[in-house]
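Each residue of the sequence shown is one higher than the one before, starting from 0 at the first, in numbering that gives the first Met the number 0.
Glycine included, every Cβ here is placed at the ideal spot set by N, Cα and C.
Just so you know, these numbers come straight off a predicted model, no measurement behind them.
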Amino acid sequence: MPLNLITDPWIPVRCTDGRRVIRPDQIAEPDVLFPDWPRADLNIACLELLIGLVYLADPVDEVEDWAERGPDPERLRAALEPLAPAFSLGGDGPRFLQDQERFEAANGKVEIASPDMLFIDSAGGNTARNNADLMVRRGRYPRLDPALAAMALFTLQSQAPAGGAGNRTSMRGGGPMVTLVQPAMPGLWHLIWANVPLGRPQGHRALPWMAPTRRSEGGVATHPPEDGNLAEAFFGMPRRLRLIFEGDQVTGVLQKPYGANYAEWEHPLTPHYRMKDGGDLLPQHPRAGAFGYRNWLGINAASHSDLRRQAAALTGYRERVDSTEGAAVIVAGWAMDNMKPRDFILSLEPLIADGETLDRIHRMVAAAEICAPALRQSLKPVMGEGTALDALREEFFLRTQGPFEALSAQPGNEAQWLDEMRQAALRIFDGAATSRLGTARITEVEGILRERNLLLRLFSGQGKLGAKLYAELRLASGEKAA
């Protein structure tokens, strides 16, 4: 019998007493803590899948539900059971996230790809043929067990990057940023329930693979439904795929172009932004490198600008709870470069409430965004343009991450924050520039000393940038840390 994602145990999880494999309804059991797939991107996608399942089967009816409804495995199992006909991975009927057309009957006209192609960091066909897979990998997954194949299939459909002519990206583009509320209460149920949107039960007929394939030749777009149903936000099908089985193993994938071409969707688990006032709302994507305080605004802290919008799951949680104390935000996603994966970002950040703390964070981040470019500019005459300068700018943010977290938690630390930034900038400048003094010509030495003096003027509140820096921190010129 083919794997059924509703009725069969298939999800590996960590529990208070070890590890086991569960059905989706068992997330409501008290000892279940977190998914335990062999890859971080699959764990995050699994959380999104479970949130989507609860939204589809037994969502939040009204705001009070979030606080009043506790974990109830029997209720969840009964609610999920009617979805079972849509969640078989194989077989002759509808298949989970797969095209209704049976590509495998095309007499070899559709090329069979390795199951490796279900993973975002795997090499595509052209990349492998051209031996260009330096940052991506090939040949790691020649066959998959059904559970791993199901999870990889969901991950690809929900995060798909561009994949050649007609192979559509996910509705959030390739490698979207995912932000999830992690409430103070431990347990997988509480994490899932905190992120389930308001809605009404949809049933399996709301799922795209239960109807004839929605195709997009000629650029035909799929827009959000007028009734606000978000089922397809969780279970979209940008790729037309069919899995090939040998016995109980997935050994190949068939793909045809022109799946659903999603436009204007706002996914509830992803932050969004606009390029300009009145512009289209676009999904946020992670940048490569450490996720730090410079990235907080519009992600785990609300932005004062209309150009950046937190994920709906975060804003909804913040609005309905009396206190966010102990809550955090899981931030995750593939950092992409020209549709090629560079790094998978996974970070646990504080959930910042509105009010005085949020205002203080805005000002402290704005101050750092003045200092970091100024540091980079001061080193430019010494080091020239290039990635080395960008790396030193990033080092500034890394050096100040700890002080930022400590100082932003309490009021009245603006002068100390200024001093922490000054110390970090001068250490970086001295390490990169003054080491050249022994071999530099007189004019070069004069240039190094001049740039260092300009940095000191900035941190003393002098000049146009210095005045702007002090204004952001609400400091009087000449004020120093105690």
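Cross-strand partners of residue i (DSSP beta bridge)
i	result
Pro349	Ala327
Lys255	Arg239
Asn42	According to DSSP, which records beta bridges pairwise, Asn42 is partnered with nothing at all.
Ile10	Ile21
Lys339	Asp336
Tyr261	Thr221
Glu471	Glu471 pairs with nothing; no bridge assigned.
Thr178	Val330
His361	For His361, which the question treats as bridged, DSSP gives no partner whatsoever.
Leu143	Val249
Ala300	Leu296
Val59	Leu197
Pro34	Val12
Pro282	His271
Integer Cβ distance of residue i from residue j, believed to fall under 8 Å
i	j	result
Ala391	Lys379	Before going on, a small fix: residue 391 reads as Leu here, not Ala. Going by Cβ atoms, the distance from Leu391 to Lys379 rounds to 10 Å, so no, they are not a contact pair.
Ala348	Asn299	The displayed chain sequence assigns Glu, not Ala, to residue 348. Going by Cβ atoms, the distance from Glu348 to Asn299 rounds to 4 Å, so yes, they are a contact pair.
Asn166	Gly218	Contact flag wrong, Cβ pair sits at about 14 Å.
Gly198	Leu229	6 Å
Thr168	Pro237	6 Å
Gly278	Leu32	No, Gly278 and Leu32 are not in contact; Cβ-Cβ is about 41 Å, not under 8 Å.
Leu357	Ala301	6 Å
Gly174	Gly332	6 Å
Gly465	Leu474	At roughly 10 Å, the Cβ-Cβ gap does not stay under 8 Å, so Gly465 and Leu474 are not in contact.
Gln39	Phe428	It should be pointed out that residue 39 corresponds to Ala in this sequence rather than to Gln. Their Cβ separation, rounded to whole angstroms, is 36 Å, which puts Ala39 and Phe428 out of contact at 8 Å.
Ile191	Leu79	About 13 Å separates the two Cβ atoms, so there is no contact after all.
Which listed residue (the options) has its alpha carbon closest to that of residue i
i	options	result
Ser459	Arg421, Thr168 and Arg204	Arg421
Glu471	Leu448, Ala414 and Gly430	Ala414
Tyr140	Gln156, Thr154, Ser121 and Val31	Ser121
Met176	Gly315, Gly202, Asn294 and Ala78	Asn294
Glu318	Leu345, Asp353, Ile344 and Gly291	Asp353
Ala149	Glu73, Leu32, Ala112 and Ala44	Ala44
Glu110	Leu253, Tyr469 and Arg426	Leu253
Leu117	Val62, Glu100, Leu143 and Glu355	Leu143
Gln248	Gly297, Pro114 and Pro200	Pro114
Glu103	Lys255, Ile119, Gly430 and Asn42	Lys255
Glu445	Glu100, Ser377, Gly92 and Leu296	Ser377
Leu96	Gln156, Glu47 and Gly246	Gln156
Glu404	Thr442, His361 and Arg68	His361
Leu397	Gly385, Val381, Lys463 and Gly291	Gly291
Asp64	Arg449, Tyr316 and Gly246	Tyr316
Leu75	Gln25, Met0 and Ala367	Gln25
Residues near residue i by beta carbon distance below 6 Å, same chain, minus five either side
i	result
Gly124	Note that Gly124 scores 48 on pLDDT, short of 50, meaning its location in the model is unreliable and no value can be drawn from it.
Asp35	Pro11, Val12, Arg13 and Arg18
Val20	Pro8 and Pro11
Pro70	Ala27 and Trp188
Phe244	Gly89
Trp416	Met363 and Leu406
Pro402	Glu419
Met170	Gly235, Tyr261 and Trp264
Leu52	Pro23
Ala210	none
Beta-carbon proximity check, residue i vs residue j, cutoff 9 Å
i	j	result
Gly189	Ala232	Here residue 189 is His; the residue named in the question, Gly, does not match the sequence. Result no, Cβ atoms of His189 and Ala232 do not sit closer than 9 Å.
Gly172	Pro285	no
Leu2	Ala151	no
Thr438	Arg451	no
Met274	Leu306	yes
Ser215	Gly258	yes
Asp280	Phe234	Residue 280 is actually Leu in this sequence, not Asp. No, they are not a contact pair.
Thr212	Asp321	no
Ala289	Gln158	no
Pro508	Pro200	No answer is possible for residue 508: it lies beyond the span of the chain, which begins at 0 and ends at 481.
His271	Ala220	no
Leu345	Val330	yes
Arg435	Val381	yes
Cβ shell of residue i (< 8 Å), same chain only, five flanking positions each side left out
i	result
Asn129	Low per-residue confidence applies at Asn129: pLDDT is 44, beneath 50, and the placement is therefore not dependable, though the value from the model is reported in the following sentence. Answer for Asn129: no residue qualifies.
Lys467	Ile369
Glu61	Leu197
Pro372	Arg392
Close beta carbons around residue i, own chain, < 7 Å, minus the five adjacent residues each side
i	result
Arg94	Ser87, Leu88 and Trp208
Ala326	Val180, Gln181, Pro182, Ala183 and Leu350
Arg359	Ser407 and Pro410
Pro223	Glu263 and Trp264
Ala424	Cys370, Leu374, Phe395 and Leu454
Arg341	Met134, Ala287, Ala334 and Met335
Asn194	Ile50, Leu179, Val180, Leu268 and Ala312
Leu82	Ile5, Leu55, Ala56 and His203
Arg68	none
Ala480	Interpretation of Ala480 is limited by its pLDDT of 49, a score under 50 that renders its predicted location unreliable; the figure taken from the coordinates is listed afterwards. Same-chain partners within the cutoff: Ala414, Gln415, Leu417 and Asp418.
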